[in-house]
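Have a look at the structure below before the remarks.
2 protein chains.
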Amino acid sequence: MTVTTPQGFRAHGVAAGLKSSGGKDVALVVNDGPTYDSATVFTANRCKANPVLWSQQVVADGTVRAVVLNSGGANCYTGPEGFQTTHAVAEQVAGHLGIGAIDVVVCSTGLIGLANDRQALLDGVDAAHVGLSADGGQQAAEAIMTTDSVPKQAVVEGSGWSIGAMAKGAGMLAPQLATMLVVITTDAVVSAADLDQALRAATRVSFDRLDSDGCMSTNDTVTVMASGASGITPSLPDFTDALTQLCTDLAMQLLRDAEGSDHDIAITTLNAASEEDAVEVGRSIARSNLFKAAVFGKDPNWGRVLASVGTTQAAFDPADLDVAMNGVWVCKGSTPHADPGEVDLSGREVTVTVDLKAGTERATVWTNDLTHAYVHENSAYSS
Amino acid sequence: MTVTTPQGFRAHGVAAGLKSSGGKDVALVVNDGPTYDSATVFTANRCKANPVLWSQQVVADGTVRAVVLNSGGANCYTGPEGFQTTHAVAEQVAGHLGIGAIDVVVCSTGLIGLANDRQALLDGVDAAHVGLSADGGQQAAEAIMTTDSVPKQAVVEGSGWSIGAMAKGAGMLAPQLATMLVVITTDAVVSAADLDQALRAATRVSFDRLDSDGCMSTNDTVTVMASGASGITPSLPDFTDALTQLCTDLAMQLLRDAEGSDHDIAITTLNAASEEDAVEVGRSIARSNLFKAAVFGKDPNWGRVLASVGTTQAAFDPADLDVAMNGVWVCKGSTPHADPGEVDLSGREVTVTVDLKAGTERATVWTNDLTHAYVHENSAYSS
Numbered sequence: 001m002t003v004t005t006p007q008g009f010r011a012h013g014v015a016a017g018l019k020s021s022g023g024k025d026v027a028l029v030v031n032d033g034p035t036y037d038s039a040t041v042f043t044a045n046r047c048k049a050n051p052v053l054w055s056q057q058v059v060a061d062g063t064v065r066a067v068v069l070n071s072g073g074a075n076c077y078t079g080p081e082g083f084q085t086t087h088a089v090a091e092q093v094a095g096h097l098g099i100g101a102i103d104v105v106v107c108s109t110g111l112i113g114l115a116n117d118r119q120a121l122l123d124g125v126d127a128a129h130v131g132l133s134a135d136g137g138q139q140a141a142e143a144i145m146t147t148d149s150v151p152k153q154a155v156v157e158g159s160g161w162s163i164g165a166m167a168k169g170a171g172m173l174a175p176q177l178a179t180m181l182v183v184i185t186t187d188a189v190v191s192a193a194d195l196d197q198a199l200r201a202a203t204r205v206s207f208d209r210l211d212s213d214g215c216m217s218t219n220d221t222v223t224v225m226a227s228g229a230s231g232i233t234p235s236l237p238d239f240t241d242a243l244t245q246l247c248t249d250l251a252m253q254l255l256r257d258a259e260g261s262d263h264d265i266a267i268t269t270l271n272a273a274s275e276e277d278a279v280e281v282g283r284s285i286a287r288s289n290l291f292k293a294a295v296f297g298k299d300p301n302w303g304r305v306l307a308s309v310g311t312t313q314a315a316f317d318p319a320d321l322d323v324a325m326n327g328v329w330v331c332k333g334s335t336p337h338a339d340p341g342e343v344d345l346s347g348r349e350v351t352v353t354v355d356l357k358a359g360t361e362r363a364t365v366w367t368n369d370l371t372h373a374y375v376h377e378n379s380a381y382s383s
Numbered sequence: 001m002t003v004t005t006p007q008g009f010r011a012h013g014v015a016a017g018l019k020s021s022g023g024k025d026v027a028l029v030v031n032d033g034p035t036y037d038s039a040t041v042f043t044a045n046r047c048k049a050n051p052v053l054w055s056q057q058v059v060a061d062g063t064v065r066a067v068v069l070n071s072g073g074a075n076c077y078t079g080p081e082g083f084q085t086t087h088a089v090a091e092q093v094a095g096h097l098g099i100g101a102i103d104v105v106v107c108s109t110g111l112i113g114l115a116n117d118r119q120a121l122l123d124g125v126d127a128a129h130v131g132l133s134a135d136g137g138q139q140a141a142e143a144i145m146t147t148d149s150v151p152k153q154a155v156v157e158g159s160g161w162s163i164g165a166m167a168k169g170a171g172m173l174a175p176q177l178a179t180m181l182v183v184i185t186t187d188a189v190v191s192a193a194d195l196d197q198a199l200r201a202a203t204r205v206s207f208d209r210l211d212s213d214g215c216m217s218t219n220d221t222v223t224v225m226a227s228g229a230s231g232i233t234p235s236l237p238d239f240t241d242a243l244t245q246l247c248t249d250l251a252m253q254l255l256r257d258a259e260g261s262d263h264d265i266a267i268t269t270l271n272a273a274s275e276e277d278a279v280e281v282g283r284s285i286a287r288s289n290l291f292k293a294a295v296f297g298k299d300p301n302w303g304r305v306l307a308s309v310g311t312t313q314a315a316f317d318p319a320d321l322d323v324a325m326n327g328v329w330v331c332k333g334s335t336p337h338a339d340p341g342e343v344d345l346s347g348r349e350v351t352v353t354v355d356l357k358a359g360t361e362r363a364t365v366w367t368n369d370l371t372h373a374y375v376h377e378n379s380a381y382s383s
């Protein structure tokens, strides 16, 4: 159930002293081939961390042979020194593997504006390389944890091939920017172009729709590497379906581990004029602190849902909106319908359904509630 | 220091039993002329409350002779019955004053989806009318309070004329949607067209730049009425300046009264290519839960500031941004500069300055911090 489940990969994770906790903080995942096709998506934030600036160059040619990751420092806004540290780490990995640094993706997570100890990182790379093994995925997954309460991994089996992955990120409710790092491995034979198409399709409906607090990381990186070691070439639809299933599994693991959250909220917008409208509406609700506070207070406050819908440019009639919470239609035709008292928000899972009655498209966006005292101010009033 | 400070206005506030607390909940402000020019701005939310739908028709001709307001229920998403309640209230006021209901603005605040007791409202209107007096501004101001800890009023004196105002709203951190209601009175002679121009200019740089949690109300209404009782016609620039001063004073009162807040944060963006860019950057930072959480934790986390700037479309070079907190330039050229330890966030007032180095425009956006446990998750990490 790790990045080393697919054939053709080795990994390891070690403690290099970057984390004050003394826990594992450097991970290395190596693709032993025979193919080295890859695809990567990065954060859309215009303020990007040094590892992202470096890795954007690495992935340009569709070839990635290794990914080295560290927790204990995001190496973001650390200036030229910071970029040189990222470069040095890639060179160190390349030297050990006898490859070019330009084929080594680097990922970092932790505080912004904090320079990593270059020598400690390089020593960590040495140790991680020595320990590389075909069953080292678990150690690697543990080494990229920051505020994560559990390592996050997933595997999807194809016919004769598989996809494995590890992820870090405690939802966007996590301290700092909840840098989300994901390394995906597969032993299927998939070209870089097909990997790119599949990865963008998969992330568009999974990670891209996880929006715990609207804050966008400077370090987010999702890299997939194909070793081709199974010798099997799945159809692109089959591979895309498997990859989407894997990314959704990981996204739900991130959602469930979101710090300080009491509820996981799935917001589904129905009958939208376009999928974009459905996502805009869902994201607007997901970013309403007042709505999220109400959920924490177990208050089925559909008024806050409609108020969020009203801030969007989506097509709908403000006088004819329906809203359900946990399946109870508390609002129909923009007027009170079922008794909100019928909505039980005591469980962790919450669903919100908005019917725009403007088309046939739909989309689901996931978020968490806002918990504790700030929320108290917003949740105590109407309860 | 009230809406009855300017000549030509009477007001009163009474308890009509709409508030469970038994406090005052119905307010009436009447313009006795000789002029009845007015201007109003409403919430931009597409999901508007019944009083807003009604009042949009009332203000269309630039004439308003009275404003009746109630707390204890927003009368939003209450269907045709709710609209009929708003209409009945306007008719009741009109009947007492011998005017047309179409000259009566109605404002409501409280829970969305909650129908107001029509008879209680009408009885409240009767009592408020009986008590109307030229020094009833204070009672009116108290009757529109919801979670406000203090009534909010302001007066600006011109030469021979004055502007008075009352406002309710406990910042957008308040329960529900912190409906912001403002009634402004002046005895200056100002045409409806000039009032509209002055009001839009004043609110654009005051209320419109107060963004405590990004949630937009369904009921926000700001109405200005000119009685012309002073017989003096100020220049439009003079009147606009005074009105802007008044609205900014009220906006700061709302900011300071924001529920659950420990800090008032003024975010100033310098050297932007356009004022719109400056506002977009300020608003993005103001809406970052992580940044606001850090301020609560007294953590001068400029990384979260840059991460928010990076999510905007404003013109800037991500590699050359400067950030100061409370006057300390903690980041220059997008790299660490002064020791963040020099930033003292123990006081309530916090300033954040971002230099985009892209032009000559500037703007300030005001917000509050995110407090307590949710924030704890975000503020404890780097401290």
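Read top to bottom, the protein sequences are chains A and B.
Letter by letter, the first sequence follows residues 1 to 383 in the UniProt record's numbering.
Letter by letter, the second sequence follows residues 1 to 383 in the UniProt record's numbering.
Glycine residues also receive a C-beta, built at the ideal position from the N, C-alpha and C atoms.
- In the displayed model, Lys-292 of chain B falls within a helix according to three-state DSSP.
- The beta-carbon distance between Ala-193 of chain B and Leu-243 of chain B, rounded to whole angstroms, is 14 Å. This is too long to meet the 8 Å contact definition.
- Annotated three-state conformation of Arg-10 of chain B is strand, per DSSP.
- Not a single C-beta of chain A is nearer than 7 Å to the C-beta of His-263 of chain B.
- Of B:Gly-359, B:Pro-336 and B:Pro-6, the smallest CA-CA separation from Glu-157 of chain B is found for B:Pro-6.
- Contact check between the segment 110 to 127 of chain A and the segment 7 to 24 of chain A: three or more CB pairs, one atom from each, fall below 8 Å, which counts as touching.
- In the displayed model, Met-166 of chain A falls within a strand according to three-state DSSP.
- C-alpha of Thr-4 of chain B to C-alpha of Gly-113 of chain B: approximately 33 Å in a straight line.
- At a cut-off of 7 Å, the C-beta of Cys-107 of chain A has no neighbouring C-beta in chain B.
- Among the residues of chain A, those whose CB is under 9 Å from the CB of Trp-302 of chain B are Tyr-77, Ile-112 and Gly-113, following chain order.
- The alpha-carbon of Asn-289 of chain A is positioned some 7 Å away from that of Cys-215 of chain B.
- For the options B:Val-64, B:Asp-262, B:Arg-46 and B:Val-309, the alpha carbon positioned closest to that of Gly-100 of chain B is the one of B:Val-64.
- Annotated as proximal: Asp-25 of chain B and Asn-70 of chain B, with beta-carbon spacing under 7 Å.
- The three-state secondary structure of Arg-304 of chain A, taken from DSSP, is helix.
- Separation of Ala-319 of chain A and Gly-333 of chain A (C-alpha to C-alpha, rounded to the nearest whole angstrom) is 6 Å.
- When only Cα atoms are considered, Glu-142 of chain B and Pro-80 of chain A end up about 58 Å apart.
- Here DSSP, grouped into helix, strand and coil, assigns Asn-368 of chain B to strand.
- Rounded to whole angstroms, the gap between the alpha carbons of Cys-76 of chain B and Pro-336 of chain A is 10 Å.
- Non-local beta-carbon contacts of Thr-353 of chain B in its own chain, meaning distances under 6 Å to residues more than five positions away in sequence, involve Thr-268 and Ala-324 in chain order.
- Cβ contact annotation for Ala-127 of chain B (same chain, cutoff 6 Å, sequence separation greater than five): Val-14, in chain order.
- Put simply, of B:Leu-250, B:Ile-144, B:Gly-23 and B:Asn-301 the residue whose alpha carbon is nearest the alpha carbon of Ser-108 of chain B is B:Ile-144.
- Excluding residues up to 5 positions away in sequence, Pro-51, Trp-54, Ser-55, Val-68, Thr-86, Val-89 and Ala-90 lie with their Cβ nearer than 7 Å to the Cβ of Val-106 of chain A in the same chain.
- Taken in chain order, the whole alpha helix (DSSP H) runs of length 4 or more contained in the segment 248 to 292 of chain A are 275 to 286.
- In the structure shown, the three-state DSSP call for Val-150 of chain A is coil.
- Residues of the segment 348 to 372 of chain A with a C-beta less than 7 Å from any C-beta of chain B: Leu-370, Thr-371 and His-372, listed in chain order.
- Between the segment 353 to 372 of chain B and the segment 285 to 303 of chain B, the count of Cβ pairs shorter than 8 Å is three or higher; the stretches touch.
- Bounds of any beta strand (DSSP E) do not take in Trp-54 of chain B; it lies within the alpha helix (DSSP H) bounded by 50 to 58.
- Of the residues A:Arg-362, A:Asp-322, A:Thr-371 and A:Asp-264, the one whose Cα lies closest to the Cα of Arg-348 of chain A is A:Asp-264.
- By a beta-carbon distance limit of 8 Å, Phe-9 of chain B contacts Thr-185 of chain B. Their separation comes to about 5 Å.
- Cβ-Cβ separation between Ala-11 of chain A and Gly-137 of chain A: approximately 5 Å, consistent with a contact (criterion under 8 Å).
- The DSSP-derived three-state label of Gly-136 of chain A is coil.
- Closest in C-alpha terms to Asp-355 of chain A, from the list A:Ala-188, A:His-96, A:Leu-254 and A:Gly-327, comes A:Gly-327.
- By DSSP's assignment, Gly-73 of chain A forms a beta bridge with A:Thr-109.
- Contact of Asn-45 of chain A with chain B is assigned, a C-beta pair being separated by under 7 Å.
- Chain B places no beta carbon closer than 7 Å to that of Met-145 of chain A, leaving this residue out of the contacts.
- DSSP links Asp-37 of chain B through a beta bridge to B:Thr-63 and B:Ala-226.
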